[in-house]
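Scroll down for the structure; my scribbles are underneath it.
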Amino acid sequence: MQFRGGMNELVRQAARVQRKIDQVKGELKDREVSATAAGDKVTVVVSCEGKLRRIEVDPAFLASEGLEMALDAIVAASNSALDAADKLVETEITKVTGGVKLPGMHT
Numbered sequence: 067m068q069f070r071g072g073m074n075e076l077v078r079q080a081a082r083v084q085r086k087i088d089q090v091k092g093e094l095k096d097r098e099v100s101a102t103a104a105g106d107k108v109t110v111v112v113s114c115e116g117k118l119r120r121i122e123v124d125p126a127f128l129a130s131e132g133l134e135m136a137l138d139a140i141v142a143a144s145n146s147a148l149d150a151a152d153k154l155v156e157t158e159i160t161k162v163t164g165g166v167k168l169p170g171m172h173t
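All residue numbers for the sequence shown refer to the numbering used here, where the first residue is 67 and numbers rise by one.
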C-alpha cells in the first residue's frame, strides 16, 4: 500500500490537523462549564482550560450543614465541572481528528 503524495504530504496533513487542534483549544479555553453538588446548593464554574472561575455556596446550606460538608460539596462539584470541561474539549477535538488517535499529536 502506497500513500498518495508521499511522506511529505503526510507530514503536512499532520501539521494541519495539529493547527486545527490548537485553534479549537484556543477557541474553547475561555468557555465555561458548571456543575452542582449537594442538591444544587453548591455551584462551581470552570473554564475549558481547566481553571476555576467561580464557587457559589448557598449560605443556608453552609449554616445548616457546616463548613466540612460545604467543602466536600465544593470538591465534588469541582471534579464534575472539570470532567465536563475535559469531555467538551475532547469532543471538539474528536471532530477535528475524526476520532483517530495520532501519536505525537498534542490533544
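Glycine included, each C-beta is placed from N, C-alpha and C at the ideal position.
For the segment 123 to 167, the continuous alpha helix (DSSP H) assignments of 4+ residues that do not extend past its boundaries occur at 125 to 131 and 133 to 163, in sequence order.
In the displayed model, GLU98 falls within a strand according to three-state DSSP. Straight across, the Cα-Cα distance linking SER146 with ALA80 is about 33 angstroms. DSSP places ALA103 in the strand class (E or B) of the three-state scheme. Inter-residue distance for LYS161 and GLU75 is about 21 angstroms (C-alpha atoms, whole angstroms).
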